[in-house]
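**Q** Heads up: the protein sequence lines correspond to chains A and B, in order. My numbering applies: residue 27 is where the first sequence begins, and numbers increase by one. My numbering applies: residue 147 is where the second sequence begins, and numbers increase by one. C-beta atoms are modelled at their ideal positions from N, C-alpha and C, and glycine is treated no differently. None of the values given here were measured: they were computed from a predicted structure. Once you've had a glance at the structure underneath, I'll fire off some questions.
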Amino acid sequence: MPADKRDIVALEGVTKRFPGIVANDGIDLSIRPGEVHVLLGENGAGKSTLIGMLSGLQQPDEGRILVDGKPTPITSPRHALALGIGTVFQHMMLVPTLTVAENLLLGGPWWQRPRTEELEARVAEITRSLGISVKLHAKVSELSLGEQQQVEILRAMVRNSRLLILDESTSMLTPKGIEELGALMRRLVGQGLAIVFITHKLKEAAAFGDRISVLKLGRKVGEIPPERFRTLSEQEIISEIVELMFGKQKDDPEAAERPTRTVRADAGPLLQVADLAVAPTENAPGLSSISFDIRPGEILGIAGIDGNGQKQLAEALAGQRAATGGSVRLEGTAIEALSVGERRRRGLRYLTDDRLGEGTVGAFPVSINFFLKQVGASPFWRGGVEQRAEIDRRAAQLVREYDVRTPSLKTPVARLSGGNIQKVLIARELAEGARAVIFNKPTYGLDLANTLASRQRIRDTAARGLAVLLISTDLEELLSMCDRIAVIANGSLVGTVANADDARTKVGRLMIGLAA
Amino acid sequence: MSIDTAPGASANALDATSGAATGRDILHRLLMTLGPILAALIIAGCILLVVGVDPLAYYGYVLEKGLFSPLGIQQTLTRMAPLLFLAAGLIVAFRAGMWNLGGDGQFLLGAVTAAASAPVLVQVMPAWLALTCSFLISMVVAMAWSLLPALLRAYQGVNEIITTLMMTFLGTSLANVLVKLVFRDPGTTVPQTRTLPVEDRLPRLFDTTITSGLVLGLAAIIIVHLVMTRTAFGLKLRIVGANPRAAVHAGLGVPRLTVAVFAISAGLAGLAGAVDIIGVQGNVRADWNPAYGLAVIPAVFLARMNGFAAIGFVFLLSVLSIGGESAARRLGVPNHFTLVLVSIMLIVLALAEYVDHRYNQSRKA
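Structure (structure tokens):
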């Protein structure tokens, strides 16, 4: 493909190989000012690798990258920034022990004092246009993942990027936040910025994009250029993308389908929570008088804007965070005084949303990560001694059963894509003995195929008679899965609605602070 | 469960290729270790030239005394005994992500305890039992000395680097005071403890002067290595070291494991002191402080906390320190030049690692 003069950045036949896999195979891409270029593809399609090369983290094996028409090897992230390429990564890239302001000031010239006032003015200006509020003096480690993502977007803006790469940036945002981000992207491209926008959500692609490229297994399988894009309706675009991605025709795959399960009304509650309270910390809300019951086979959803106590709730239930009051009963037995391990043994499972931060030990092999919560348990350890063969046998079984795509069982789990790491975690939590499962943002950052697969797993879990607590910021997800939906705001449940026809409106009203 | 499903088969195939690559990896690792050591010897040689000493003569003396003379190699192997115990203790701590830098204080207190208890105990019970008891008491005393940093780290999150270093100053002084005021041998003019008779010390190996403490040290470090790599307890410690948040999430009792790590690490340091006294020295002089604890840290790092590699590096360290002492006497180079040499090695190895990493990155990219 000949380079076009209008391209700010262009890729020509870029190929990138990793041991055992071709991550990118002869990719051509043209990125122009004033355009939102949407990259779509399943997990493992090669999007992250492509972004890695654009942002200077990796170098192509073959092909070249042109910046302003000139072949330019992007040698380092610093170089990428100097070229005006700012990236917001899927996995957080902030220093957790520093404040937001300090993180934003990183990378300034070392001989100058940090220009705090200048930054504050600039941030105020940007946040006003973005419609977000950022606590400049809060420590990053105290922010929720969603808030951290906002800081990352802000950082790229502060650095005057000409090309902004957003890697799964909407996955943590509320529906309103996504709309705002979309509107902001439109404003930014209106001012001549180029945006590469990576998402799994086809609706977002159709709503915010100008040009769409679809990746599949490392190859670019199709592109919808702006000229054609403008002539198609949203529905046409979505069906064309689905055709490209899956090779089969399908109506909107994200459309909510009502759960058809019926919960036995006579069954007693499996998980009972009464008046649960957690003390607030500096930057995280506490919890107050949280009460709910979940019956066997029931899915209770927790809706709400990110950072309203969802993580605290999940951690308090799992035993990771000390509760200041209230009771938690599993199958009628009080478990609020038990340790994390004991709660797990009794069948309470917690699927964390922080897959790399606390869910896994990244440097350890995939096989060991399946059993992190069972270290020492028979038959994988006998008399405290590791039974390698037993571990590998069971791990291979789980890899197959849960369709984890990994080069080998010995591969460090951090090398897998987000979707495959999630499969490892799901396999671990649903393994034998589960009675009640807390899913915290189970589909965050997953591609469509993995999202649908995860949702099916959760439905199957409930169908097996387990109690499921599903915490999510994705309202569509909750509407398509739950029997009832509770809304959390500022650390308390402000209302619970049955998932009937008017649930969307009711939950929406509760989320923005109106009575249902 | 069928074996020939597609994902399983491809996983196996990739396993095989990674197995074939291991041979090259080992060669590469050897090159990456020996090359920098050679470079460090050359750099240190240049420093010797500058101060007017013939480097070839210096290295010649080091090798002759430390490695090739029968007496020298026996001294080298004897020196390894306490160093191996210390290295074992550091491997446990470092793998669990905890920086027990208080090895010297724990070592000296272990040594003084052994020197105080062994001569008394051998008079009232059989020698083997006396020595065993003495080892155990030394271990317990050293463990107790680590309790404060351990509790502070486990329950208050106080940085253990600082607390263990401070405790090592206190421990060194306490050992000194104990020798002078409590366990002083009234029969001598220099302040030192009573001397354990040579026939009651750990037996020597065969017809040499090598202490059987070497065997104990080798056993200790190999056991530690196997525990860390093959057992549930070792895995728990490694999880705490690699990702403390994952440890909390997985329900591990992190505070208790922290205390255990400190106890094991300090206990091994105490045993190191005991093995040096009961096996070799026989008594503790008030001014005696060989500072092995800090000297072993680089060796453990160079070995990447691998027990078997640590044995090799401890051997190298022993050769350098025994040979270096002799070469220093003969050529008038300060005794501490050994430390200069070791630190140059560490820096060169780190640089080599960095360059290698960059090269790999650019080759992959």
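1. List, in chain order, every chain B residue whose beta-carbon is nearer than 7 Å to that of A389(A).
2. Below 9 Å on C-beta distance, what does R370(A) contact in chain B?
3. Please compile the residues from chain D whose C-beta is within a distance smaller than 9 Å of the C-beta of E412(A).
4. Measuring only the C-alpha atoms, how far is K274(A) from S265(A)?
5. Pull up the DSSP beta-bridge partners for E88(A), would you.
6. Should the stretch 374-382 of chain B be called in touch with the stretch 407-418 of chain A, which here means at least 3 C-beta pairs below 8 Å?
7. Can you tell me whether L258(A) is helix, strand or coil according to DSSP?
8. Given a limit of 7 Å on CB to CB distance, which residues of the stretch 473-490 of chain B reach chain A?
9. List the residues of chain A whose Cβ lies closer than 8 Å to the Cβ of G406(B), in chain order.
10. Taking the alpha-carbon of P295(A) as reference, which of G312(A), E324(A), A310(A) has the nearest alpha-carbon?
11. Check E280(A) in the structure and name its three-state DSSP category.
12. If you pair each beta-carbon of the stretch 500-517 of chain A with each one of the stretch 317-333 of chain A, do three or more pairs fall below 8 Å?
13. Using only CA atoms, which one of A209(A), I452(A), R461(A), W136(A) lies nearest to T477(A)?
14. With 8 Å set as the bound, which would you pick, yes or no: does the beta-carbon of A392(B) sit closer than that to a beta-carbon of chain A?
15. Looking at the C-beta of I410(B), does it have a partner C-beta in chain A at a distance below 8 Å?
16. Under three-state DSSP, which class holds R486(A)?
17. For a cutoff of 8 Å on Cβ pairs, would you count G237(B) as touching chain A?
18. Using Cβ-Cβ distances below 9 Å, what residues of the stretch 284-307 of chain B are close to chain A?
19. Please classify K399(A): is it buried, with 16 or more other beta-carbons within 10 angstroms of its beta-carbon, or exposed?
20. Could you round the C-beta distance between G419(B) and A257(B) to whole angstroms and report it? I think they count as a contact, below 8 Å.
21. With DSSP run on the structure shown, which of helix, strand or coil describes K227(A)?
22. Are the stretch 87-95 of chain A and the stretch 237-251 of chain A touching, with three or more C-beta to C-beta distances below 8 Å?
23. Given that a residue counts as buried once 16 or more other Cβ atoms are within 10 Å of its Cβ, and exposed if not, what is L255(B)?
24. Starting from N466(A), trace the beta strand (DSSP E) both ways and give me its first and last residue.
25. DSSP beta-bridge partners for W375(B)?
26. Can you list, in chain order, the residues of its chain with a C-beta nearer than 7 Å to that of V287(B)? Leave out the 5 residues immediately preceding and following it.
27. Residues bridged to A106(A) by DSSP?
28. Roughly how far, in whole angstroms, is the beta-carbon of A261(B) from the beta-carbon of V268(B), given that I think they are within contact range, below 8 Å?
29. What residue from H482(B), G249(B), R391(B) has the CA that sits closest to T386(A)'s CA?
30. Identify, in the order they occur along the chain, each residue of the same chain with its Cβ nearer than 6 Å to the Cβ of V494(B), setting aside the five sequence neighbours on each side.
31. Between which residues of its own chain and N429(B) is the CB-CB distance below 6 Å, once the five residues before and five after are set aside?
32. Rounded to whole angstroms, what is the Cα-Cα separation between L214(A) and G67(A)?
33. On the three-pair Cβ rule with 8 Å, is the stretch 420-440 of chain A touching the stretch 361-374 of chain A?
34. For R181(A), count neighbouring Cβ atoms within 10 angstroms of its own Cβ and tell me buried if that reaches 16, exposed if not.
35. Would you check whether the ligand GDP has a heavy atom nearer than 7 Å to the C-beta of R454(A)?
**A** This is what the structure holds:
1. Taking the first residue of the first sequence as 1, we reach residue 389(A) at position 363. Residues of chain B passing the Cβ test: A388.
2. In the first sequence, residue 370(A) corresponds to position 344, counting from 1. The contacting residues are A396, G397.
3. The chain inventory of the structure shown lacks chain D, comprising the protein chains A and B.
4. Along the first sequence, one-based indexing puts residue 274(A) at 248. Along the first sequence, one-based indexing puts residue 265(A) at 239. For K274(A), the predicted model reports a pLDDT of 40, less than 50, meaning its position is unreliable; a value from the coordinates is still stated below. Going from the Cα of K274(A) to the Cα of S265(A) covers about 9 Å.
5. In the first sequence, the residue the question calls residue 88(A) occupies position 62. Paired residues: T41(A).
6. Contact between the stretch 374-382 of chain B and the stretch 407-418 of chain A is present, with at least three C-beta pairs closer than 8 Å.
7. As a working mapping, residue 258(A) is identified with position 232 in the first sequence. Looking at L258(A) - three-state DSSP - the assignment turns out to be coil, as it is neither helix nor strand.
8. Listed by position, the residues of the stretch 473-490 of chain B near chain A (Cβ gap below 7 Å) amount to none.
9. Locating residue 406(B) in the second sequence gives position 260, where the first residue counts as 1. At residue 406(B) the sequence reads Ala, which differs from the Gly that was named. Correct list: empty, because the minimum Cβ distance to chain A is about 13 Å.
10. The residue given as residue 295(A) occupies position 269 in the first sequence. Among G312(A), E324(A), A310(A), the Cα nearest to that of P295(A) belongs to E324(A).
11. Within the first sequence, numbered from 1, the residue matching residue 280(A) stands at position 254. Residue placement at E280(A) is poorly supported in this model, since its pLDDT is 47, which falls under 50; the coordinates are not used for a value here.
12. Yes, the stretch 500-517 of chain A touches the stretch 317-333 of chain A.
13. As a first step, residue 477(A) must be located in the first sequence, where it is residue number 451. Of A209(A), I452(A), R461(A), W136(A), the residue nearest in Cα terms is I452(A).
14. The sequence position of residue 392(B) within the second sequence is 246, counting from 1. Yes, its Cβ sits closer than 8 Å to a Cβ of chain A.
15. Residue 410(B) sits at position 264 when you count from the first residue of the second sequence. I410(B) has a beta carbon lying at 8 Å or more from every beta carbon in chain A.
16. By 1-based counting over the first sequence, the position of residue 486(A) is 460. Before going further, note that residue 486(A) is Asp rather than Arg in the sequence given. The DSSP-derived three-state label of D486(A) is helix.
17. The count along the second sequence starts at 1 and reaches residue 237(B) at position 91. A quick correction: the sequence has Ile, not Gly, at residue 237(B). No, I237(B) does not count as interfacial toward chain A.
18. Residues: none.
19. As a first step, residue 399(A) must be located in the first sequence, where it is residue number 373. Classification for K399(A): buried.
20. Here residue 419(B) refers to the residue found at position 273 when the second sequence is read from its first residue. Here residue 257(B) refers to the residue found at position 111 when the second sequence is read from its first residue. Indeed, because the Cβ distance is near 3 Å, the residues count as touching under 8 Å.
21. Start at 1 with the first residue of the first sequence, and residue 227(A) comes out as number 201. It is coil, neither helix nor strand.
22. No, they do not touch.
23. Counting from 1 along the second sequence, the entry for residue 255(B) is found at position 109. It is buried - the Cβ of L255(B) has at least 16 other Cβ atoms within 10 Å.
24. In the first sequence, the residue the question calls residue 466(A) occupies position 440. Here the beta strand (DSSP E) through N466(A) covers 462-466.
25. Within the second sequence, numbered from 1, the residue matching residue 375(B) stands at position 229. Checking the displayed sequence, the identity of residue 375(B) turns out to be Thr instead of Trp. BP columns for T375(B) are empty, so no partner.
26. Along the second sequence, one-based indexing puts residue 287(B) at 141. Result list for V287(B): L255, G256, T259, G416, in chain order.
27. Counting from 1 along the first sequence, the entry for residue 106(A) is found at position 80. Among the bridge pairs identified by DSSP, A106(A) is matched with none.
28. For the purposes of this step, residue 261(B) is taken as residue 115 along the second sequence, with counting starting at 1. For the purposes of this step, residue 268(B) is taken as residue 122 along the second sequence, with counting starting at 1. Rounded, the Cβ-Cβ distance is 12 Å, inconsistent with contact.
29. If you number the first sequence from 1, residue 386(A) lands on position 360. Comparing alpha carbon positions, the residue from H482(B), G249(B), R391(B) closest to T386(A) is R391(B).
30. Along the second sequence, one-based indexing puts residue 494(B) at 348. P182, A185, A186, listed in sequence order.
31. To locate residue 429(B), count along the second sequence from 1; it is residue 283. Excluding sequence positions up to five before and after N429(B), its CB lies within less than 6 Å of the CB of A261, Q338, T339, T341, all in the same chain and listed in chain order.
32. Numbered from its first residue, the first sequence carries residue 214(A) at position 188. Numbered from its first residue, the first sequence carries residue 67(A) at position 41. The straight-line gap from Cα to Cα measures roughly 24 Å.
33. In the pairwise beta carbon analysis, the stretch 420-440 of chain A is classified as not touching the stretch 361-374 of chain A: fewer than three pairs are separated by under 8 Å.
34. One-based indexing of the first sequence puts residue 181(A) at position 155. Looking at its Cβ environment, which holds 16 or more other Cβ atoms inside 10 Å, R181(A) is buried.
35. This structure lacks the ligand GDP; in fact it carries no ligand of any kind.
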